[in-house]
Amino acid sequence: EPEVTQTPSHQVTQMGQEVILRCVPISNHLYFYWYRQILGQKVEFLVSFYNNEISEKSEIFDDQFSVERPDGSNFTLKIRSTKLEDSAMYFCASSSSLQETQYFGPGTRLLVL
Amino acid sequence: AQSVTQPDIHITVSEGASLELRCNYSYGATPYLFWYVQSPGQGLQLLLKYFSGDTLVQGIKGFEAEFKRSQSSFNLRKPSVHWSDAAEYFCAVGAHLSGSEKLVFGKGTKLTVNP
Chain A
2 EPEVTQTPSH
12 QVTQMGQEVI
22 LRCVPISNHL
32 YFYWYRQILG
42 QKVEFLVSFY
52 NNEISEKSEI
62 FDDQFSVERP
72 DGSNFTLKIR
82 STKLEDSAMY
92 FCASSSSLQE
102 TQYFGPGTRL
112 LVL
Chain B
10 AQSVTQPDIH
20 ITVSEGASLE
30 LRCNYSYGAT
40 PYLFWYVQSP
50 GQGLQLLLKY
60 FSGDTLVQGI
70 KGFEAEFKRS
80 QSSFNLRKPS
90 VHWSDAAEYF
100 CAVGAHLSGS
110 EKLVFGKGTK
120 LTVNP
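If you want it as structure tokens, here you go:
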């Protein structure tokens, strides 16, 4: 069964450093998403991406964040200058259309020191 | 804006007992509703979803959920819990009809299963 994959599974970085989280969505999906889950809190929507542009973003997704689909398979989330409060589990998801199920990857656990 | 409430943070049941996890949502129109499960160290796995039609939906692993519009609820049930069901369960609502693509999640209910 096709699945969303994410790399790395864990990342530790120093505050102020740039990180890139990578995702490979399900191959025939057209909509891509990033969510995050701070430890002990709910899963929160960050951004959605369709047709090579951001279609919706939350107030969390400020100028420090960017997304890109650099090729036909990868979908990346970049945090330009990490803060302590960026420590969280980051989930990538994809769906085949707007009204279809979002399938989630296993997540990347980011720890900012 | 849509929101989801899962009133139970933690539930403990004995193996073989029945289970009901509560979920209440707030959304002005007919929502799209989902239950996801997260095992420790794992991602979010879809258990079941409601888009329209029959209000009782069947999912994987023997789970079912019932959409009750009058109560704004979408409770998850299982008649007999297995030890492998121990995990965290998240209810989510989508607002696709308004053009929004995001899912809004509840805070989750952690399920412990006693032998």
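So the sequence lines, in the order shown, correspond to chains A and B. Residue numbers for the first sequence follow this note's numbering, beginning at 2 and rising by one. Residue numbers for the second sequence follow this note's numbering, beginning at 10 and rising by one. Glycine included, C-beta positions come from ideal geometry on N, C-alpha and C.
For residue i, which option in the options has the closest C-alpha, if you only look at C-alpha atoms?
{"i": "C24(A)", "options": "L114(A), Q18(A) and V68(A)", "result": "V68(A)"}
{"i": "L78(A)", "options": "S98(A), S28(A), Y104(A) and G108(A)", "result": "G108(A)"}
{"i": "D94(B)", "options": "Q11(B), P16(B), S12(B) and G25(B)", "result": "G25(B)"}
{"i": "V113(A)", "options": "I80(A), Y104(A), Q100(A) and F105(A)", "result": "I80(A)"}
{"i": "N29(A)", "options": "N75(A), R110(A), S82(A) and T83(A)", "result": "N75(A)"}
Starting from residue i, find everything on chain B with Cβ-Cβ shorter than 7 Å and list it in chain order.
{"i": "S49(A)", "result": "E110 and K111"}
{"i": "Q103(A)", "result": "L112"}
{"i": "S56(A)", "result": "E110"}
For residue i, which residues in chain B fall below 8 Å Cβ to Cβ?
{"i": "Y32(A)", "result": "E110"}
Just to make sure I have the definition right: I need the residues of chain A whose C-beta is within less than 7 Å of the C-beta of residue i. Which are they?
{"i": "L72(B)", "result": "Rather than Leu, the amino acid found at residue 72(B) in this sequence is Phe. Those do not exist, as F72(B) stays about 15 Å from chain A at its closest Cβ, beyond 7 Å."}
{"i": "Q51(B)", "result": "P107"}
{"i": "G117(B)", "result": "K43"}
{"i": "K58(B)", "result": "T102"}
Along chain B, which residues have their Cβ under 9 Å away from the Cβ of residue i?
{"i": "G17(A)", "result": "Chain B residues near G17(A): none, gap ~28 Å exceeds 9 Å."}
{"i": "E69(A)", "result": "Those do not exist, as E69(A) stays about 18 Å from chain B at its closest Cβ, beyond 9 Å."}
{"i": "K79(A)", "result": "What K79(A) touches in chain B: nothing, since even the nearest Cβ is about 20 Å away."}
Measure the beta-carbon distance from residue i to residue j and round it to whole angstroms, keeping in mind my assumption that it falls under 8 Å.
{"i": "T6(A)", "j": "L55(B)", "result": "That belief does not hold up - the Cβ atoms of T6(A) and L55(B) are roughly 16 Å apart, past 8 Å."}
{"i": "F76(B)", "j": "Y98(B)", "result": "About 16 Å separates the two Cβ atoms, so there is no contact after all."}
{"i": "G106(A)", "j": "G52(B)", "result": "5 Å"}
At 9 Å on the CB atoms, spell out the chain A contacts of residue i, in chain order.
{"i": "L55(B)", "result": "T102, Q103, Y104 and F105"}
{"i": "F99(B)", "result": "K43 and V44"}
In chain C, which residues lie less than 8 Å from residue i when you measure between Cβ atoms?
{"i": "F92(A)", "result": "Absent here is chain C; the protein component of the structure consists of chains A and B."}
Review point. Would the stretch 23-32 of chain B and the stretch 21-38 of chain A be scored as touching if the rule is three or more Cβ pairs under 8 Å?
Key: no
Review point. Does the count of Cβ pairs from the stretch 93-108 of chain A and the stretch 71-90 of chain B closer than 8 Å reach three?
Key: no
Review point. Are the stretch 56-75 of chain B and the stretch 114-124 of chain B touching by the rule of at least three beta carbon pairs closer than 8 Å?
Key: no
Point to revise | beta strand (DSSP E) segments (min. 3 residues) lying fully within the stretch 64-114 of chain B | key: 65-67, 73-77, 82-87, 96-103 and 112-114
Check your understanding: How do the stretch 79-90 of chain A and the stretch 12-26 of chain A stand: do at least 3 beta-carbon pairs fall below 8 Å, yes or no?
Key -> yes
**Study point:** Minimum length 3: unbroken beta strand (DSSP E) runs contained in the stretch 28-56 of chain B
**Key:** 28-30, 33-35 and 41-47
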